[in-house]
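A.B. asks: In terms of full-length UniProt numbering, the sequence shown has 364 at position 364, counting the first letter as 1, and numbering is strictly consecutive.
Note that the Cβ used here is the ideal one computed from N, Cα and C, for glycine as well.
These figures come from a predicted structure and were not determined experimentally.
Mind having a look at this structure? Questions to follow.
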Amino acid sequence: MNLESLKTLALRMDPHTDHYDFVELADSSKSLFDMLSLPNLETLKLSGSGVLDPSLASFIRCPSPQASLRKLCLRKLGLSAGHLSKLLQVTPNLEELITDLPEQGDLNRLAAGRSGVGTSVANTTVALLVPKLRGLVFHLRAYEVTYTLLRRHERRPILLLAPAVVEEPYFRLVLPDAEAAKDAQVDLNMDNYDENADSEGHHDSPEPAGMNTDENTALRNKLFHFRMMLRQALSELKRATTSPLRPQFASDLNTLLQEIEALKLTQGRQIANLYVRLHFFYSLNRNSTRGEKFLFRERAKRLITKWNLIITSDLKNRKIHWAIKGQRSIVYIGRDDVCHGLPQIKDTVYDGLEDNQSSLMDIMWPDPIF
């Protein structure tokens, strides 16, 4: 079937539905993609239910060249390691890609050859997987935020892609909710990431004064633990509208706050995500009397006030590279972007910390194609 005039195609792939009810296939081993000739297709959107569709699996095993394709959206397709790389190898002229966060190997392959990483293997230059890529969007699930985006080594390919892509329109991360977006943008803006760090990805920010490497590592691990514990407490409070809290909830939260209050923190990047969590806790607990005897809201407010001076002072001395767009996306701002001169950029960070969406701007960066 030759559809030479077709420029845009959107398909929902469902492995539990027979795609061929309307077609009699002469060869049952062929996929739907084998049946179609789309020589001038420019935009392709494929979405699914999280399970790899047999038709798509067949196409991945032996993909046909798609030189005309410029825009590609792949969502909830259940792709496995290597699948994305194989698809991108047959789309050499692709300019815009929207996909779920790739598997780590595909992510590394996508970043290879960009920003000075992976550029040389046995003195041979590594070719860019998508040499003409101008726009890139990753959709992240909740566990990917925790175990990839908020961990320095795992997120390094994402940080390498950012400056490489944004020389042209955009690089965006779409998070599961507003809380995750604020958490991620603060964490990334506070990171002393250096794109010239060693290629093994072991770069760490300098230790705070008076701390050696082991002490700094122990502190980071403790802060990460506290951050996860606060996230769990917030989840329990949100569920409390439909189910009762655990009998020990207030006591456990009191113990956690005592440990956080005892921390001696002096740098914005150390407290950034705890700061965001406390803001959410303070807002969520505003109309609640749960744990009133522990004065949870008052204590959270004291910590917020105490840390506010530290974190805003730190932000003023940094060049902001990530800003919130809309409710749950963050966009990367290139080093030479004129947006750096706009006061609204740092306002988006401050307002994100203060849980105020009023000045988060949707007009400064282009929207993705889907």
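The beta strand (DSSP E) that contains T43, what's its start and end?
C.D. replies: Counting from 1 along the sequence shown, the entry for residue 43 is found at position 43. First-last of the beta strand (DSSP E) with T43: 43-47.
A.B. asks: Where do the ends of the alpha helix (DSSP H) carrying V165 lie?
C.D. replies: Counted from its first residue, the sequence shown places residue 165 at position 165. 152-165 is the extent of the alpha helix (DSSP H) around V165.
A.B. asks: Please tell me whether A162 and L175 are closer than 9 Å, where the distance is taken between their beta carbons.
C.D. replies: The sequence position of residue 162 within the sequence shown is 162, counting from 1. The sequence position of residue 175 within the sequence shown is 175, counting from 1. Not in contact: A162 and L175 (Cβ atoms no closer than 9 Å).
A.B. asks: Would you please state the rounded distance, in angstroms, between the beta carbons of residue 372 and L160? I believe it to be under 8 Å.
C.D. replies: Because the chain in this structure spans residues 1 to 370, residue 372 falls outside the shown range and cannot be described.
A.B. asks: Identify the continuous beta strand (DSSP E) that holds G105 and give its terminal residues.
C.D. replies: Counting from one through the sequence shown, the residue named residue 105 turns up at place 105. Not the beta strand (DSSP E): G105 falls in the alpha helix (DSSP H), residues 104-111.
A.B. asks: Does V276 pass the burial test, meaning 16 or more other C-beta atoms within 10 Å, or should it be called exposed?
C.D. replies: Taking the sequence shown and counting its residues from 1, the one referred to as residue 276 is at position 276. Label assigned to V276: buried.
A.B. asks: Relative to the C-alpha of D337, which candidate in W322, R328, Q267 has its C-alpha closest?
C.D. replies: If you number the sequence shown from 1, residue 337 lands on position 337. When each option's Cα is compared against that of D337, the closest is W322.
A.B. asks: Find out if the Cβ-Cβ distance for the pair D187, L230 is shorter than 9 Å.
C.D. replies: Here the question's residue 187 lines up with position 187 in the sequence shown. Here the question's residue 230 lines up with position 230 in the sequence shown. No, the pair does not count as a contact, with Cβ atoms beyond the cut-off.
A.B. asks: Would you mind reading off the limits of the beta strand (DSSP E) that contains D100?
C.D. replies: Numbered from its first residue, the sequence shown carries residue 100 at position 100. D100 -> beta strand (DSSP E) spans 96-100.
A.B. asks: Apart from the five residues on each side of it in sequence, which residues of its chain come closer than 7 Å, Cβ to Cβ, to residue 374?
C.D. replies: No information on residue 374 is available, as it lies outside the stretch 1 to 370 that the chain covers here.
A.B. asks: Indicate whether E96 and L136 have their beta-carbon atoms separated by less than 9 Å.
C.D. replies: For the purposes of this step, residue 96 is taken as residue 96 along the sequence shown, with counting starting at 1. For the purposes of this step, residue 136 is taken as residue 136 along the sequence shown, with counting starting at 1. Taking 9 Å as the Cβ cut-off, E96 and L136 qualify as a contacting pair.
A.B. asks: Which residue from L77, R269, T241, A67 puts its Cα closest to that of S313?
C.D. replies: Within the sequence shown, the letter at position 313 stands for residue 313. Comparing Cα positions, the closest option is R269.
A.B. asks: What are the partner residues of S37, as DSSP defines its beta bridges?
C.D. replies: Indexing the sequence shown from 1 puts residue 37 at position 37. S37 is bridged by DSSP to N2.
A.B. asks: At what residues does the alpha helix (DSSP H) containing S235 begin and finish?
C.D. replies: In the sequence shown, residue 235 corresponds to position 235, counting from 1. First-last of the alpha helix (DSSP H) with S235: 213-239.
A.B. asks: What are the residues that DSSP puts in a beta bridge with H139?
C.D. replies: Within the sequence shown, numbered from 1, the residue matching residue 139 stands at position 139. Answer by DSSP bridge pairing, in chain order: D100, V174.
A.B. asks: Quick check on G48: buried or exposed, where buried means 16 or more other Cβ atoms within 10 Å of its Cβ?
C.D. replies: Within the sequence shown, numbered from 1, the residue matching residue 48 stands at position 48. It is buried - the Cβ of G48 has at least 16 other Cβ atoms within 10 Å.
A.B. asks: If you follow the beta strand (DSSP E) that R12 is part of, which residue opens it and which one closes it?
C.D. replies: On the sequence shown, residue 12 is found 12 positions in, with the first residue counted as 1. Run containing R12: 8-12, per the beta strand (DSSP E) assignment.
A.B. asks: From this set, S243, R109, K182, R297, which residue's C-alpha is nearest K325's C-alpha?
C.D. replies: Sequence index remark: in the sequence shown, residue 325 carries index 325 (1-based). Of the candidates S243, R109, K182, R297, K182 places its Cα closest to the Cα of K325.
A.B. asks: Excluding the 5 residues preceding and the 5 following L56 in the sequence, name in chain order all residues of the same chain whose CB lies nearer than 6 Å to its CB.
C.D. replies: Residue 56 sits at position 56 when you count from the first residue of the sequence shown. Within the same chain, L56 has close Cβ partners M13.
A.B. asks: Relative to the C-alpha of G105, which residue among A81, I320, N93, I311 is closest?
C.D. replies: Residue mapping note: residue 105 aligns to position 105 of the sequence shown, counting from 1. The candidate whose alpha carbon is nearest that of G105 is A81.
A.B. asks: Let me know the secondary structure DSSP gives A262 once reduced to three states.
C.D. replies: In the sequence shown, the residue the question calls residue 262 occupies position 262. Note: A262 maps to coil in three-state DSSP.
A.B. asks: Have a look at E42, T266, L274 and flag the residue whose alpha-carbon is nearest the alpha-carbon of A67.
C.D. replies: Against the sequence shown, residue 67 aligns to sequence position 67. Checked all of E42, T266, L274; the closest Cα to A67 is E42.
A.B. asks: With a threshold of 6 Å on Cβ separation, who are the neighbours of L84 within its own chain once the five nearest residues in sequence on each side are excluded?
C.D. replies: Translated into the one-based positions of the sequence shown, residue 84 becomes position 84. Closer than 6 Å at the Cβ level, and outside the excluded window around L84, lie P102, D106.
A.B. asks: At which residues does the alpha helix (DSSP H) containing I310 begin and terminate?
C.D. replies: Translated into the one-based positions of the sequence shown, residue 310 becomes position 310. Unbroken alpha helix (DSSP H) run through I310: 296-316.
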